[in-house]
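Accompanying notes for the structure given below.
Numbering (the numbering used here), first residue to last: -18 to 342.
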């Protein structure tokens, strides 16, 4: 029975899609058996992406409603399923590995032996998955870069969706948690280069969920601004979903550990599938050729060009403004790219674009 329930978990996770969705390799079973007890795996296998009540799930499983509700609540607190209230009814839904279960294991910043073992098993599964699948081509960007808008001259029109500060001002509830990528790496003993850890930022209802269920820390708008300033000094890239609306989170990513950036950098032209719509412009009168920008550039898109002025490889540049933020002479400003497409409005439009571009391959 135990073996069967974990074999069924493979099918359940495959059906939810997303990165690392489920692969029949030994590393999958080692990971899933550690994350889920057999009883939790059984419940997980009954969950769908469409939310359902504990009663509906219990009926589907032919089990006691009280028992199933208790198990679902415990699983939600462990980041193994999602739950929310809809018109007074508590609903539950299955989560994919990513975005979802994998990140949720580390959001609280825990450093117990269980966290360390989970980090190792998740990492080993991801490596096995990538080895079997190879590099997956990004047909349409799921995520986008949000530039450091302090580096954009005031004369430019800056869209609201290009300003992290706009999200801070919009929402009453903001929370932060540990960067999943760096925390997982740190738990495995990797060097995180002294970069800030508690910088994943969530807004609104999802922030409340993270605080209630997953150990997120509520912050004020002022604290959120200070955290963003800290990430910019550290050379991290602001990143979120590739939409102009429905923005519920901002990650602050590094070049060494970030799941998104590491996958983007495997593409033949990273800057074409992960970008802000801005590009750096260098003032030759102010530039001293110190090469600070070259050292800070996450995608390594800069090199010293003619007349000791850095040149940009547009196929690699993210338009993140990490170069401009770190320039000691303020010789770099970000300029809008001409004819850069507006991101999809919402998740529905984003999904349609991904499907459309996938069919064109």
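For glycine and all other residues, C-beta sits at the position ideal for the given N, C-alpha and C.
Straight-line Cα distance separating residue j from residue i
{"i": "residue 260", "j": "residue 295", "result": "8 Å"}
{"i": "residue 76", "j": "residue 312", "result": "45 Å"}
{"i": "residue 9", "j": "residue 73", "result": "24 Å"}
{"i": "residue 1", "j": "residue 24", "result": "20 Å"}
{"i": "residue -7", "j": "residue 283", "result": "44 Å"}
{"i": "residue 331", "j": "residue 288", "result": "42 Å"}
{"i": "residue 190", "j": "residue 104", "result": "26 Å"}
{"i": "residue 35", "j": "residue 56", "result": "12 Å"}
{"i": "residue 27", "j": "residue 173", "result": "38 Å"}
{"i": "residue 213", "j": "residue 322", "result": "25 Å"}
{"i": "residue 278", "j": "residue 251", "result": "13 Å"}
{"i": "residue 166", "j": "residue -1", "result": "21 Å"}
{"i": "residue 13", "j": "residue -10", "result": "8 Å"}
{"i": "residue 122", "j": "residue 290", "result": "31 Å"}
{"i": "residue 135", "j": "residue 188", "result": "Because the pLDDT of residue 135 is 49, which lies under 50, any placement of that residue in the model is unreliable, and the number read from its coordinates should be weighed accordingly. Computed Cα separation, rounded: 31 Å."}
{"i": "residue 192", "j": "residue 4", "result": "32 Å"}
{"i": "residue 333", "j": "residue 78", "result": "22 Å"}
Simplified DSSP state of residue i, which is helix, strand or coil
{"i": "residue 180", "result": "coil"}
{"i": "residue 333", "result": "helix"}
{"i": "residue 218", "result": "strand"}
{"i": "residue 128", "result": "coil"}
{"i": "residue 254", "result": "helix"}
{"i": "residue 135", "result": "Low confidence applies to residue 135: its pLDDT is 49, below 50, so where it sits in the model is not reliable enough to give any reading."}
{"i": "residue 232", "result": "strand"}
{"i": "residue 9", "result": "helix"}
{"i": "residue 116", "result": "coil"}
{"i": "residue -8", "result": "helix"}
{"i": "residue 292", "result": "strand"}
{"i": "residue 4", "result": "coil"}
{"i": "residue 243", "result": "helix"}
{"i": "residue -13", "result": "helix"}
Strand pairing of residue i, partner residues [DSSP]
{"i": "residue 52", "result": "Looking at the DSSP assignment, residue 52 forms no beta bridge with any residue, so it has no partner."}
{"i": "residue 198", "result": "157"}
{"i": "residue 34", "result": "72"}
{"i": "residue 63", "result": "74"}
{"i": "residue 321", "result": "Answer is none; residue 321 lacks a bridge partner."}
Beta-carbon proximity check, residue i vs residue j, cutoff 8 Å
{"i": "residue 208", "j": "residue 126", "result": "no"}
{"i": "residue 102", "j": "residue 61", "result": "no"}
{"i": "residue -14", "j": "residue 7", "result": "no"}
{"i": "residue -12", "j": "residue 119", "result": "no"}
{"i": "residue 326", "j": "residue 226", "result": "yes"}
{"i": "residue 215", "j": "residue 155", "result": "no"}
{"i": "residue 257", "j": "residue 128", "result": "yes"}
{"i": "residue 90", "j": "residue 179", "result": "yes"}
8 Å contact criterion, which residue i and residue j should meet: CB distance rounded
{"i": "residue 353", "j": "residue 238", "result": "The chain is shown from -18 up to 342; residue 353 falls before or after that span and cannot be answered."}
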